[in-house]
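Protein chains in written order, with our numbering: chain A, -17 to 258; chain B, -19 to 546; chain C, 2 to 186.
Idealized CB from N, CA, C, for every residue including glycine.
Here's the structure we're looking at; comments come further down.
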Amino acid sequence: MNDSKILGYQPGNSFIHALNATTKMIFLILVSIACMVTYDTRFLIAICILSLILLKVAGIKWKQVSFIVKFIIVFAIINIIAVFIFQPTYGEILYHSKTVLINAGYFTLTAQELFYLFNVILKYICSIPLVLLFLLTTNPSQFAASLNKIGVSYKVAYAVSLALRYIPNIQESYWSISAAQQARGNELSKKASLGKRIHGILNIVTPLIFSSLDRIDTISTAMQLRRFGSKKKRTWYVAENFNLADYLVTTLAFILVLVVILLFKVNSGRFYNPFV
Amino acid sequence: MTEPIIEFKDFSFKYNSQAEPTLKNINLKINKGEKILLAGPSGSGKSTIGRCLNGLIPNIYQGEVKGKCLVNGKDITSTSLFDFSFTTSTILQDADSQFIGLTVGEDIAFALENDCQPKDKMHQTVNQWADELKIKELLTQSPQSLSGGQKQIVALAGVLVDESPILLFDEPLANLDPASGLKTMAIIDKIQKELNATVIIIEHRVEEVLSQPIDRIILVNEGTIVADQPTNQLLHSHTLEKIGVREPLYLKALTAADVNLSSIKEVDQISTLPVSEKISDKLAAWTKQAKITKKEADNLPLLKLDHVGYQYSKNQPYPLKDVSTTINQGDFISIVGQNGAGKTTLCRTICGFISNEGKITLKDQNLSDLSIKERAEKIGYVMQDPNQMISQKMIFDEIALGLRLRNVDEETIKQKVDQTLKICGLYPFRHWPISALSFGQKKRVTIAAILVLEPEIIILDEPTAGQDWKTYTEIMSFLKHLNTIGKTIIIITHDMHLMLEYTSRSLAFAKGKLIADTTPIELLTNQALIKEASLKRTSLYDLAKHYNLPDPNKFVQAYINFEQQN
Amino acid sequence: MNNQKGLSVKSVVAIGIGAAIYVILARFTSIPTGIPNTNIEIVYPFLALLATIYGPVVGFSVGFIGHALSDFLMYGQTWWSWVLATAVLGLIIGLYGMRLDLENGVFTTKQMIGFNIVQIIANVVSWLIIAPVGDILIYSEPQNKVFLQGATATITNSISILILGTILLKAYAATKVKKGSLRRD
Ligand SMILES: Nc1ncnc2c1ncn2[C@@H]1O[C@H](COP(=O)(O)OP(=O)(O)OP(=O)(O)O)[C@@H](O)[C@H]1O
Ligand SMILES: Nc1ncnc2c1ncn2[C@@H]1O[C@H](COP(=O)(O)OP(=O)(O)OP(=O)(O)O)[C@@H](O)[C@H]1O
Ligand SMILES: [Mg+2]
Ligand SMILES: [Mg+2]
Chain A
-17 MNDSKILGYQ
-7 PGNSFIHALN
3 ATTKMIFLIL
13 VSIACMVTYD
23 TRFLIAICIL
33 SLILLKVAGI
43 KWKQVSFIVK
53 FIIVFAIINI
63 IAVFIFQPTY
73 GEILYHSKTV
83 LINAGYFTLT
93 AQELFYLFNV
103 ILKYICSIPL
113 VLLFLLTTNP
123 SQFAASLNKI
133 GVSYKVAYAV
143 SLALRYIPNI
153 QESYWSISAA
163 QQARGNELSK
173 KASLGKRIHG
183 ILNIVTPLIF
193 SSLDRIDTIS
203 TAMQLRRFGS
213 KKKRTWYVAE
223 NFNLADYLVT
233 TLAFILVLVV
243 ILLFKVNSGR
253 FYNPFV
Chain B
-19 MTEPIIEFKD
-9 FSFKYNSQAE
1 PTLKNINLKI
11 NKGEKILLAG
21 PSGSGKSTIG
31 RCLNGLIPNI
41 YQGEVKGKCL
51 VNGKDITSTS
61 LFDFSFTTST
71 ILQDADSQFI
81 GLTVGEDIAF
91 ALENDCQPKD
101 KMHQTVNQWA
111 DELKIKELLT
121 QSPQSLSGGQ
131 KQIVALAGVL
141 VDESPILLFD
151 EPLANLDPAS
161 GLKTMAIIDK
171 IQKELNATVI
181 IIEHRVEEVL
191 SQPIDRIILV
201 NEGTIVADQP
211 TNQLLHSHTL
221 EKIGVREPLY
231 LKALTAADVN
241 LSSIKEVDQI
251 STLPVSEKIS
261 DKLAAWTKQA
271 KITKKEADNL
281 PLLKLDHVGY
291 QYSKNQPYPL
301 KDVSTTINQG
311 DFISIVGQNG
321 AGKTTLCRTI
331 CGFISNEGKI
341 TLKDQNLSDL
351 SIKERAEKIG
361 YVMQDPNQMI
371 SQKMIFDEIA
381 LGLRLRNVDE
391 ETIKQKVDQT
401 LKICGLYPFR
411 HWPISALSFG
421 QKKRVTIAAI
431 LVLEPEIIIL
441 DEPTAGQDWK
451 TYTEIMSFLK
461 HLNTIGKTII
471 IITHDMHLML
481 EYTSRSLAFA
491 KGKLIADTTP
501 IELLTNQALI
511 KEASLKRTSL
521 YDLAKHYNLP
531 DPNKFVQAYI
541 NFEQQN
Chain C
2 MNNQKGLSVK
12 SVVAIGIGAA
22 IYVILARFTS
32 IPTGIPNTNI
42 EIVYPFLALL
52 ATIYGPVVGF
62 SVGFIGHALS
72 DFLMYGQTWW
82 SWVLATAVLG
92 LIIGLYGMRL
102 DLENGVFTTK
112 QMIGFNIVQI
122 IANVVSWLII
132 APVGDILIYS
142 EPQNKVFLQG
152 ATATITNSIS
162 ILILGTILLK
172 AYAATKVKKG
182 SLRRD
């Protein structure tokens, strides 16, 4: 209804849309773990470029992700500044050397600190395109089916898919409760004062929470009426088969993990150190 | 054929929160393969009986059980919900809360998934039912993006794939357009024959249910069974109206024209009524004596729609488009048309819940300058789904909410709320939480919540769906009263008789377009429009045809006048 | 109903819908405090309510799934250490919640105090231990930064649960209708 500003599945027919959800998830998990573990700048840059290309391939428009990217940039900058303020010497300690760029007492900026901060930013952003890609191209039910396939119990998988399915739903309830409240005289638009608006929000949140608790009851009733949870297994209407492309992509993910392990050996640790 | 599949023996049930039992001493036997209509006023306990048949009582709704209830040989107090799920398939009254799947297709397949059916077989079954119910193009939509009527048909499909021995439908027709209503009844009939299933239909729209043969009608009132008779026998006894349920219209017309019904054996379908000169003459004479009065409204433009439209998503097949019309001060308008035509969408745009293409002006003021709240001061809207409106826990607070937000003093609030509660038949329940109400009662709470505000324009989205005839009449007469004192009223409805009896102007929609703006009677004499907008002539018209009256429309008009004068 | 193995259907639904509400509340109802990444959230009081009603497993899972999803959907990535911290918060409150009887409308002053002591302990464990330690281990961030963030979170979240959480629990207990109390008049 209102512009939602929350990411969700967008149907499409690119190569990436056609991949099995299990494949995409394995790829996402392995590569993000790899990115989380390593501080090797070269690897991080490579992943960054790869995932940007993938975004392009999937035909995702700037418009679809612009708000989130702006959000992330602001967030990353604030965080970087905070990291710097708290310990400007952290880079020196990590890289065992000190090359002063700007001398400013406590806030002395060294090349090592700058390089460290650059790595932190890279880490923040390199997996983001992958996550966006996953969220935008994966149908939540297929996601549940694939969670189940990689060994998560189907009940937990179903809980996750229920969550994804109900987010737009609850968001809609949020707006419709809000509209219904306004329709009876609760002013929430920009014309009201801030205090009134906060009070108004509370007026929406409480019924939203309580009505959603009721919804838990009705939905679990409806699910039991249709035999959910009666067997140890269940099948999925939306399950897909594994194709050649899926095997290739999965293999690529494992190769990337191997690369990270190798880099550990090469760098003798998490950090790639160009200063020695 | 004669072994009972459902048996109630001196059965009583009291919900935990209630002081009095809701079902009192029920004795009832239903045999395998029977087709039963369960009718009764709103709040009489029909859904409660249904909840015993699918195990929700006592597994989910806890309370005190006395006596015995056996379903398929199993005692309900010692059977799990899971065991019941093989015996009884249910369409809950609140179809909206029944959806689980992300898309319509998945939702229909949900029970099959849980039975571990292979994927190909599921797709085949789902496609087959989607074809049968003509919802193929909805399969990839999310259930939340469906119109009220589409939701009901999808819920129906989700139950039919199950092929259980007992099929329970709790008001399957409430939100369906007349044409889909008839089609649904035909499908239910077909399934029942194919599976030899036991079918129990809970409905207020008795006439539509009777479009297909029904073995027995069971009437419930205040938690007791007041009648349990074969269809024709019951129709002869006139008990329906005594407890506030509407009789089929054609029967009322025949009675009004002084035709002796007891001399006719089969009265459950018009087509089987005996064609006799005597009855025809009586009907013709009765038509002649009726004085037809017409009132002319003075046309003071109030709400102007100029090329109004709305599209939910780029690939929506029939978005609302190019609606232009003027609504005058003091109009009493009905909006009719097929399920999914865009009726609810139009109201949402008028109230500002969604932004629209085109321009809407109220007395020369452009509505896009006003917030939802400011619009709401002039336009009150009762939504189709009561769950979307209710935000308070207690009935009184829900109805008082609007007044409180307008800073009316408590004294006045109490007086106004009490008065409105009486009109909507809710006064005895005023201290109750809304969760302890039946579905029809809940809907009335939302009607009351808007009526109490007395806005200049009142829009009601299917206000009489799921209401019994008595409360329906009370609400409608109150609206009529509001109309005579100058309020403008717009009703979305699938009830053709309501449209004829109460409204003076009809807007008909089909596939997102306004296809007609005329008087109700003219709308229903145009066969092309009827077809396009999925409407249906009333049974009065069919009756007149059946007896070869020279002017069936005049007969219909005569009957409406007759009802208005009573 | 209770004879099934593993999660009950109700818990599955409570986790799913609870996580969905978590995401919406996190997105639309947080009030910034002025310190980076630190807001007064209505989600934590909500999590406390849910954990109290449905128990530790649901509390843990809603915290975990809800927080992870809302991070992913809003920032495109997630901070696993904070996700785990939220989950543990739900777990601890849920463990205590098993001793309460909100379903029957009971929430005495003594229970109210007990609830708040437990929630403060839970907040300390989550934000002052799990989240910062995780940040250091996974993300190699400076210690004093993460501990200051942890301390702020402990304080703001304890206060929001103290006020809003208590109100929610009380309100929930009040919505439960007393047995045999409804009659027409
Ligand atoms: N969950 C509940 N808890 C307490 N009381 C209830 C509950 N559900 C229904 N009742 C009470 O039981 C009575 C019968 O309700 P029921 O839903 O069976 O009515 P109904 O005949 O189906 O009405 P309608 O046509 O409006 O759906 C109502 O008066 C209602 O107050
Ligand atoms: N929230 C929504 N998101 C997307 N599409 C929607 C949404 N609500 C309705 N639609 C679509 O818009 C069309 C018009 O729906 P609307 O609810 O206005 O129909 P209606 O005329 O009120 O039907 P009914 O008589 O069944 O209530 C339908 O085809 C429906 O699928
Ligand atoms: Mg009912
Ligand atoms: Mg509608």
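Q | Classification of Asn367(B) by the beta-carbon crowding that lies within 10 angstroms, buried from 16 upward | A | With 16 or more other Cβ atoms within 10 Å, it is buried.
Q: Run the CB neighbour count on Val107(C), radius 10 Å, all protein chains shown included, and call it buried at 16 or more, exposed below.
A: exposed
Q.
Using 8 Å for Cβ pairs, my map puts Leu104(A) next to Thr20(A). What's the rounded Cβ distance?
A. The Cβ separation is near 10 Å, so there is no contact.
Q: Could you tell me which of Gln124(A), Tyr229(A), Glu222(A) sits nearest to Asp100(B), measuring between CA atoms?
A: Glu222(A)
Q) From the DSSP output, which residues share a beta bridge with Leu8(B)? A) Phe(-12)(B)
Q. Can you round the beta-carbon distance between Pro435(B) and Gly360(B) to whole angstroms, since I take them to be within the 8 Å contact cut?
A. 4 Å
**Q.** Within chain B, partners of Ala19(C) - CB distance below 8 Å
**A.** At residue 19(C) the sequence reads Gly, which differs from the Ala that was named. In chain order: nothing, as chain B lies at least about 16 Å away.
Q. When the distance is taken between beta carbons, is Gln120(C) closer than 8 Å to Ser62(C)?
A. With contacts defined by Cβ atoms closer than 8 Å, Ser62(C) and Gln120(C) do not form a contacting pair.
(Q) Strictly under 8 Å for the Cβ-Cβ distance: is Ala(-1)(B) near chain C by that measure? (A) Look at Ala(-1)(B): its C-beta is under 8 Å from a C-beta on chain C.
(Q) In the DSSP output, what is Cys49(B) paired with across the bridge? (A) Answer by DSSP bridge pairing, in chain order: Phe(-12)(B).
Q: Put Pro413(B) into one of helix, strand or coil per three-state DSSP.
A: Judged by DSSP in its simplified three-state form, Pro413(B) adopts strand.
Q. Measuring CB to CB, does Leu163(C) end up less than 8 Å from Asn117(C)?
A. yes
Q. Would the beta-carbon of Thr444(B) fall within 8 Å of that of Leu478(B)?
A. yes
Q) Do the CB positions of Ala3(A) and Phe125(A) come within less than 8 Å of each other? A) When the beta-carbon positions are compared, Ala3(A) and Phe125(A) come within less than 8 Å of each other.
**Q.** Complete beta strand (DSSP E) runs within the region 377 to 463 of chain B (minimum length 3 residues, chain order)
**A.** Complete beta strand (DSSP E) runs here, min 3: 437 to 441.
(Q) Once DSSP output is grouped into helix, strand and coil, what is the label at Ser348(B)? (A) helix
Q | Bridge partners - Met374(B), DSSP secondary structure assignment | A | Pro413(B)
(Q) Tell me the DSSP secondary structure of Ser304(B) in three-state form. (A) Residue state for Ser304(B) is assigned as strand, using DSSP reduced to three classes.
Q) What are the residues that DSSP puts in a beta bridge with Tyr21(A)? A) Paired residues: Phe253(A).
Q: Would you decide whether Ser(-14)(A) is buried or exposed? Buried here means 16 or more other CB atoms lie within 10 Å of its CB.
A: No answer about Ser(-14)(A) holds up, because its pLDDT of 48 lies below 50 and its placement is not dependable.
(Q) I'd like to confirm the pairing. Which residues does DSSP put opposite Phe149(B) in its beta bridges? (A) Ile71(B), Ile181(B), per the DSSP bridge assignment.
Q: Quickly, what does DSSP pair Leu283(B) with across the bridge? List them, please.
A: Ile307(B), Leu342(B)
Q) Distance, Cα to Cα, Gly87(A) vs Ile50(A)? A) If I take the Cα positions, the gap works out to 36 Å.
Q: Using a Cβ cut-off of 8 Å (strictly closer), state whether Ala15(C) contacts chain A.
A: yes
Q) So what's Ser33(A) in DSSP terms, helix, strand or just coil? A) Helix at Ser33(A).
(Q) Within the continuous alpha helix (DSSP H) that includes Ile59(A), where are the two ends? (A) 44 to 68
Q. Looking only at C-alpha atoms, which of Ile122(C), Leu74(C), Gly181(C) sits nearest to Tyr97(C)?
A. Ile122(C)
Q: Scan the region 142 to 167 of chain A for residues whose Cβ lies nearer than 9 Å to a Cβ of chain B and list them as they occur along the chain.
A: Ser143, Leu144, Leu146, Arg147, Pro150, Asn151, Glu154, Ser155, Trp157, Ser158, Ile159, Ser160, Ala161, Ala162, Gln163, Gln164, Ala165, Arg166, Gly167
Q: Assign Asp475(B) to buried or exposed, taking buried as 16 or more other Cβ atoms, counted over all protein chains shown, within 10 Å of its Cβ.
A: By the C-beta density criterion, Asp475(B) is buried, having at least 16 other C-beta atoms within 10 angstroms.
Q) Should Lys323(B) be counted as a contact of ligand 2 given a C-beta to heavy atom distance under 7 Å? A) yes
Q) Could you give the residue range of the beta strand (DSSP E) that holds Tyr361(B)? A) Start and end: 359 to 362.
(Q) Quick check: is any heavy atom of ligand 3 less than 7 Å from the C-beta of Lys450(B)? (A) no
Q) Between the region 184 to 193 of chain A and the region 10 to 24 of chain B, are three or more C-beta pairs nearer than 8 Å? A) no
Q: Determine the contact status of Thr483(B) and Pro500(B), defining contact as a CB-CB distance below 8 Å.
A: yes
**Q.** At least 3 beta-carbon pairs within less than 8 Å: the region 197 to 216 of chain B vs the region 16 to 36 of chain B
**A.** yes
(Q) Less than 8 Å between the C-beta atoms of Phe66(A) and Leu99(A), yes or no? (A) yes
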